[in-house]
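For the sequence shown, the positions run 1 to 386 when UniProt numbering is used. Below is one structure, written out as structure tokens; comments come after it.
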Amino acid sequence: MRRKWLWVLAAAAFLLVLSALLRPLYPPLRHPLDALLLAQSLLAKEEKSWLARWTLPPERREETPGDVPLDFYIPGGSDEPPRGCILLAHGMTDAGRRDARLAAFARSLARLGFAVAAPDLPGMRRFRPDVRDVARLASTFAWLDGRRPPSVPRCGLFGLSFSAGPAFLAAARPEVAGRVGYMIAVGAYYDLREVLLHLTTSGRGHEPAFPGGPPLWTGKWLFLRYNADLLGLDGHEAEVEAIVRRKLADEKADIASLVSRLPEEGRGVLALMENTDAALFDAIYRSQPPAMRQRLEAWSLEGVVRRGGYPLFLIHGRGDPLVPFSAGVHLAREAREVPGRKVRLLIVEALGHVDASKTPFSVRKLGETAQLLGFLSEALSAMEKN
Numbered sequence: 001m002r003r004k005w006l007w008v009l010a011a012a013a014f015l016l017v018l019s020a021l022l023r024p025l026y027p028p029l030r031h032p033l034d035a036l037l038l039a040q041s042l043l044a045k046e047e048k049s050w051l052a053r054w055t056l057p058p059e060r061r062e063e064t065p066g067d068v069p070l071d072f073y074i075p076g077g078s079d080e081p082p083r084g085c086i087l088l089a090h091g092m093t094d095a096g097r098r099d100a101r102l103a104a105f106a107r108s109l110a111r112l113g114f115a116v117a118a119p120d121l122p123g124m125r126r127f128r129p130d131v132r133d134v135a136r137l138a139s140t141f142a143w144l145d146g147r148r149p150p151s152v153p154r155c156g157l158f159g160l161s162f163s164a165g166p167a168f169l170a171a172a173r174p175e176v177a178g179r180v181g182y183m184i185a186v187g188a189y190y191d192l193r194e195v196l197l198h199l200t201t202s203g204r205g206h207e208p209a210f211p212g213g214p215p216l217w218t219g220k221w222l223f224l225r226y227n228a229d230l231l232g233l234d235g236h237e238a239e240v241e242a243i244v245r246r247k248l249a250d251e252k253a254d255i256a257s258l259v260s261r262l263p264e265e266g267r268g269v270l271a272l273m274e275n276t277d278a279a280l281f282d283a284i285y286r287s288q289p290p291a292m293r294q295r296l297e298a299w300s301l302e303g304v305v306r307r308g309g310y311p312l313f314l315i316h317g318r319g320d321p322l323v324p325f326s327a328g329v330h331l332a333r334e335a336r337e338v339p340g341r342k343v344r345l346l347i348v349e350a351l352g353h354v355d356a357s358k359t360p361f362s363v364r365k366l367g368e369t370a371q372l373l374g375f376l377s378e379a380l381s382a383m384e385k386n
């Protein structure tokens, strides 16, 4: 599988160079070689990557600015200032900043010459949005920016999956706004209501309920498990856990006896979770307690994206089972309302949620890979010069 990807990368790189020479199919590319090296390092096992073979291992330091533990990666064996700096926000994983994929990505960026900070976000580690994670990202970004030599471009933010929400919100905070050089987000949501619509309904006819791939049916129950307080079910964690366990074992399992133990508002939440008819979703959602809807809508990125003029790079899987790619379309559309702002959106078949998906080789896949290299090249340009 990985050998096929290497052939695809090589062919796509050739296509990318050829297209740049023959006609302007892509925006001006300043870092095509770096893009190829980064893409190969993401698809190959780290120890087999070209970067690992040709560059020195990066240095990792453990820092604790403002009581927030983070890993700070810098290029190894060099006294030169970094090419740029970036703060990585890990997604929902109990491994936190030590998630193997995130750590490998951080090391690859450091091998390319960038300074990388990856803070720990307890809310994301507990699979739930937490306003304190926003504060942690803002404070650690200010710390990273404060270490930046004058010759180094402004630092940027990278949001992975649901952590893109806290990252966007952090970038809009007064202590950070105006200091962000760029933002990169993979599989970002636009608002949690749309995520629930996607996860809970099976669609209109044979079409997905919201533009994107078929929803991962376990997603809504995991959302319920980790966000009971957000949904107004705090104090009923035992009942919620029993419901989730039963549904994960069998989606068609009868949970009436468990639901009957919940207060009326809790039963309304379960009606929302069990509904599979997209046409009924809005009515059921509007029937939820105002306080619950306000808590969900507080995490909406509507209006937030317009608060900054920094370049924005969004990439989303067309068949994302957790967050529909339409979220990326919404984010890009709103960001482009800022005059003169650079916004790049790439929607690809070869990406699931945040991991590469298995798709057969095709001419379309070849062209898509060339587009991905172009996207990475533009993002690397913004990271080094903004």
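In this text, a Cβ means the ideal position worked out from N, Cα and C, and glycines have one as well.
By the 16-neighbour rule on beta-carbons within 10 angstroms, glutamate 62 is exposed. Spanning the alpha carbons of serine 300 and phenylalanine 325 requires a straight line of approximately 16 Å. Assigned with DSSP and collapsed to three states, glycine 159 falls in strand. Tryptophan 221 sits buried, since 16 or more C-beta atoms from the chains shown fall within 10 Å of its C-beta. Nearest to proline 321 by alpha-carbon distance, out of Pro32, Val195 and Asp254, is Val195. A contact between stretches requires three or more CB pairs, one per stretch, nearer than 8 Å, and the region 273-292 fails this requirement with the region 305-323.
Residue range 32-43 is occupied by the alpha helix (DSSP H) that includes proline 32, with no beta strand (DSSP E) assigned at that position.
When DSSP reads this structure, proline 119 sits in a beta bridge with Leu70. The residue among Leu199, Leu270, Arg107 and Thr218 with its C-alpha nearest the C-alpha of leucine 231 is Leu270. In chain order, Ala228 place their CB closer than 8 Å to the CB of aspartate 234, counting only its own chain and leaving out the 5 sequence neighbours on each side. Taken through DSSP and simplified to helix, strand or coil, glycine 317 comes out as strand. Secondary structure within the region 281-336: the alpha helix (DSSP H) runs of 4 or more consecutive residues, fully enclosed, are 290-297 and 326-335 (chain order). Methionine 92 carries a coil assignment under DSSP once its states are collapsed to helix, strand and coil. Between alanine 332 and arginine 344, the alpha-carbon positions lie close to 7 Å from each other.
Per DSSP, the unbroken alpha helix (DSSP H) holding arginine 107 starts and ends at 100-111. A Cβ-Cβ contact shorter than 8 Å links leucine 380 with alanine 35.
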